[in-house]
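**Q** Residue numbers (our numbering), protein chains in the order written: chain A, 1391 to 1613; chain B, 1391 to 1613.
Virtual Cβ for every residue (Gly too), placed ideally from N, Cα, C.
There are 2 protein chains.
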Amino acid sequence: MPRQLYHFWTTAAARKIRLALAEKQLPFELVLERPWERRPEFLTLNPAGEVPVLVEADGRVIIGARAIDEYLDEAYPDLPLIGSDPAGRAEVRRLVEWFDAKFQREVGDLLVEEKMTKRLSGLGQPSSQAIRAGLANIKIHLEYLGWLADRRTYLAGDAFSRADIAAAAHLSAVDYLGDVPWDDHPSARSWYARIKSRPAFRALLADHVPGAPPPKHYADLDF
Amino acid sequence: MPRQLYHFWTTAAARKIRLALAEKQLPFELVLERPWERRPEFLTLNPAGEVPVLVEADGRVIIGARAIDEYLDEAYPDLPLIGSDPAGRAEVRRLVEWFDAKFQREVGDLLVEEKMTKRLSGLGQPSSQAIRAGLANIKIHLEYLGWLADRRTYLAGDAFSRADIAAAAHLSAVDYLGDVPWDDHPSARSWYARIKSRPAFRALLADHVPGAPPPKHYADLDF
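See the structure below:
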């Protein structure tokens, strides 16, 4: 059995693990899971009913973006995605939490979940109030991201890390909707252009959700 | 300067770090922060404006429950709160994420935030719909917790770990409101009784939020 990753296209947490696996040059197969279907076999695998779930070639199951993130660096220490000094590692994890918790709550839930997940799942109508809030909130996140990018080579410091992966994964899910105002945020844009042109990003740019194609600039490296 | 932890009483993420520090026998001072006040000095410390924030005696600042959690085991490997084998560590982190993300969203946000934070901050009225949903959701979490406790010595396996700390921290915040239906969940109750009687738990049981005293059983080890 090859290594398998249960994912859903626009779930940022799963995109993050796709990027991490590719950066670490660990081959894997994607298994598409629609979490709202609550498939009994999938709930047996992960009682939380959420993606991502990683199933290793030997059958070992690693559940949840946080556990997989740390597991990959522990089990495959080559090509590390987090530094070795405790303070630097804490800065990477601070930014990962920023995107996984704060950005997800203030932007992802309000745009991706409302516009994409509700449409694909047929569970309810998008709330225009939520979408307006998400579009306002993303500006603040892009400003902070640009502020970091102006001062550091990569988001958490000198080295590419899980912080860049988390930020890019979350932004790419919103970018798939065409809702990232890149023109107003040149520093964030030039950071994203660098991350987007990494080989690990290619598979994400080829994503095509049936019935919800991405905007033209989504896969464009010179957007 | 002694080690300082910025916290708010009923914020489960901060309770978790109080427990972890006490389990690791690392002395610290508590600094009470009301995040909704958005104090400029605190926002300089943590631009996310959230507790917990740990300031080490040497001035090093570690931000966010996730980063602090991992940092404590990396910087102070004695009395480890997570095992050494990658699969076991992944199981600990799966359960930590279960409580920090899923329980917080399905229970904590609906009960603690609505009933306590809104009251103390004066920001809005509690939503009775949210509270009803939180009271329904907690049953499912207590069932799952009891299911684990029936099969394992501690939540993630044979050893006490961050999984027990996370679960107990989140439950203790709800228990402060008197909203945990212990009578209906004997397995969860007997697990919680064991965790609650650990010395590290004592300081939490002495908490007394001004204007919002805990119910009698909150500090009772034989509840």
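What residues are listed by DSSP as bridge partners for Val1451 (chain B)?
**A** According to DSSP, which records beta bridges pairwise, Val1451 (chain B) is partnered with B:Val1445.
**Q** Could you give the distance in angstroms between the alpha-carbon of Asp1569 (chain A) and the alpha-carbon of Trp1581 (chain B)?
**A** 46 Å
**Q** Run through the DSSP bridge pairs and tell me what Glu1419 (chain B) is partnered with.
**A** B:Gln1394
**Q** Kindly indicate if chain B contains any beta-carbon less than 8 Å away from that of Tyr1534 (chain A).
**A** yes
**Q** Who does Ala1602 (chain B) pair with in a DSSP beta bridge?
**A** B:Val1599
**Q** When you compare each of B:Leu1485, B:Ser1517, B:Asp1490, B:Leu1510 to Leu1500 (chain B) by their alpha carbons, which one comes out closest?
**A** When C-alpha distances from Leu1500 (chain B) are compared across B:Leu1485, B:Ser1517, B:Asp1490, B:Leu1510, the shortest belongs to B:Ser1517.
**Q** So is the beta-carbon of Ala1596 (chain B) under 7 Å away from any non-hydrogen atom of the ligand NAP?
**A** With respect to small molecules bound, the structure shown includes none, and the ligand NAP cannot be examined in it.
**Q** My guess is that Ser1587 (chain A) and Asp1540 (chain A) are in contact by the Cβ rule of under 8 Å, so how many angstroms apart are they, rounded?
**A** Contact doesn't hold; Cβ gap of about 19 Å is too wide.
**Q** Just to confirm my understanding: we take Leu1532 (chain A), look at its own chain, exclude 5 residues before and 5 after, and list those with CB closer than 6 Å. What are they?
**A** His1575, Ala1578
**Q** Are the C-beta of Ile1453 (chain B) and some C-beta of chain A separated by less than 8 Å?
**A** yes
**Q** DSSP state of Tyr1544 (chain B), grouped into three classes?
**A** Three-state result, Tyr1544 (chain B): strand.
**Q** How close, in whole Å, do the beta carbons of Glu1496 (chain B) and Ile1521 (chain B) come, if the pair is a contact with beta carbons under 8 Å?
**A** Rounded, the Cβ-Cβ distance is 13 Å, inconsistent with contact.
**Q** Could you name the residues of chain A that Leu1456 (chain B) contacts, counting a contact when the two beta carbons are closer than 9 Å?
**A** Checking the sequence, you will find Arg at residue 1456 (chain B) rather than Leu. Per Cβ cutoff of 9 Å: Arg1456, Arg1483, Arg1484, Val1486, Glu1487, Asp1490, Ala1491.
**Q** For His1607 (chain B), name the three-state secondary structure that DSSP assigns.
**A** helix
**Q** Here's a check: name, in chain order, each residue in its chain whose Cβ is nearer than 7 Å to the Cβ of Leu1435 (chain B), leaving out the five neighbours to either side.
**A** Within the same chain, and ignoring the five residues on either side of Leu1435 (chain B) in sequence, the residues whose Cβ sits closer than 7 Å to its Cβ are Val1443, Val1451.
**Q** So, at 6 Å on beta carbons, what are the nonlocal neighbours of Glu1419 (chain B) in its own chain, with the 5 sequence-adjacent residues on each side left out?
**A** Pro1392, Gln1394
**Q** So, for Asp1548 (chain A): in the same chain, excluding its five sequence neighbours on each side, which residues have a beta-carbon less than 8 Å away from its beta-carbon?
**A** Arg1542
**Q** With DSSP as the reference, label Tyr1534 (chain B) as helix, strand or coil.
**A** helix
**Q** Do you know how far the Cα of Ile1528 (chain A) is from the Cα of Asp1597 (chain A)?
**A** 22 Å
**Q** Compute the Euclidean distance between the alpha carbons of Gly1514 (chain B) and Asp1468 (chain B), then round it to the nearest angstrom.
**A** Near 44 Å, if we compare the C-alpha coordinates of Asp1468 (chain B) and Gly1514 (chain B).
**Q** Hey, quick one: how far does the alpha helix (DSSP H) through His1560 (chain B) stretch, first residue to last?
**A** 1552-1565
**Q** Just to confirm the assignment, what range does the alpha helix (DSSP H) spanning Ala1402 (chain A) have?
**A** Judged by DSSP secondary structure, Ala1402 (chain A) falls within the alpha helix (DSSP H) whose first and last residues are 1402-1413.
**Q** Under the three-state reduction of DSSP, which class applies to Gln1515 (chain A): helix, strand or coil?
**A** coil
**Q** Quick check: the Cα distance between Leu1433 (chain B) and Tyr1608 (chain A), rounded to an integer number of angstroms?
**A** Those two C-alpha atoms are separated by around 34 Å.
**Q** Taking Thr1507 (chain B) as part of the alpha helix (DSSP H), name the residues at either end of that continuous run.
**A** Taken as a continuous stretch (DSSP letters only), Thr1507 (chain B) belongs to no alpha helix (DSSP H), as it is neither H nor E.
**Q** By the three-class DSSP mapping on this structure, what secondary structure does Phe1493 (chain A) have?
**A** Phe1493 (chain A): helix per DSSP, three-state reduction.
**Q** Arg1592 (chain B) and Ala1410 (chain B): beta carbons closer than 8 Å?
**A** no
**Q** Just to make sure I have the definition right: I need the residues of chain A whose C-beta is within less than 8 Å of the C-beta of Glu1464 (chain B). Which are they?
**A** Pro1476, Arg1479
**Q** Would Leu1562 (chain B) be called buried (16 or more neighbouring beta carbons within 10 Å of its own) or exposed?
**A** Checking the sequence shown, residue 1562 (chain B) turns out to be Ser, not Leu. The residue in question, Ser1562 (chain B), is buried, as its Cβ has 16 or more Cβ neighbours within 10 Å.
**Q** Mind reading off the beta-carbon distance from Gly1498 (chain B) to Ala1438 (chain B)? Whole number of angstroms is fine, and I expect it under 8 Å.
**A** A Cβ-Cβ distance of about 17 Å is found for the pair Gly1498 (chain B) and Ala1438 (chain B), leaving them out of contact under the 8 Å criterion.
**Q** Whose C-alpha, out of A:Ala1447, A:Ala1404, A:Leu1416, is nearest the C-alpha of Gly1454 (chain A)?
**A** A:Ala1404
**Q** Can you find a CB in chain A that lies within less than 8 Å of the CB of Pro1442 (chain B)?
**A** no
**Q** Would you identify the three-state DSSP class for Phe1613 (chain B), choosing helix, strand or coil?
**A** Secondary structure of Phe1613 (chain B) (DSSP, three-state): coil.
**Q** For Ile1585 (chain B) and Ala1558 (chain B), I'd like the C-alpha separation in whole angstroms.
**A** Distance from the CA of Ile1585 (chain B) to the CA of Ala1558 (chain B), rounded to the nearest whole angstrom, comes to 7 Å.
**Q** In this structure, how does DSSP classify Ser1577 (chain A) when only helix, strand and coil are distinguished?
**A** helix
**Q** What is the DSSP secondary structure of Ile1472 (chain A), reduced to helix, strand or coil?
**A** coil
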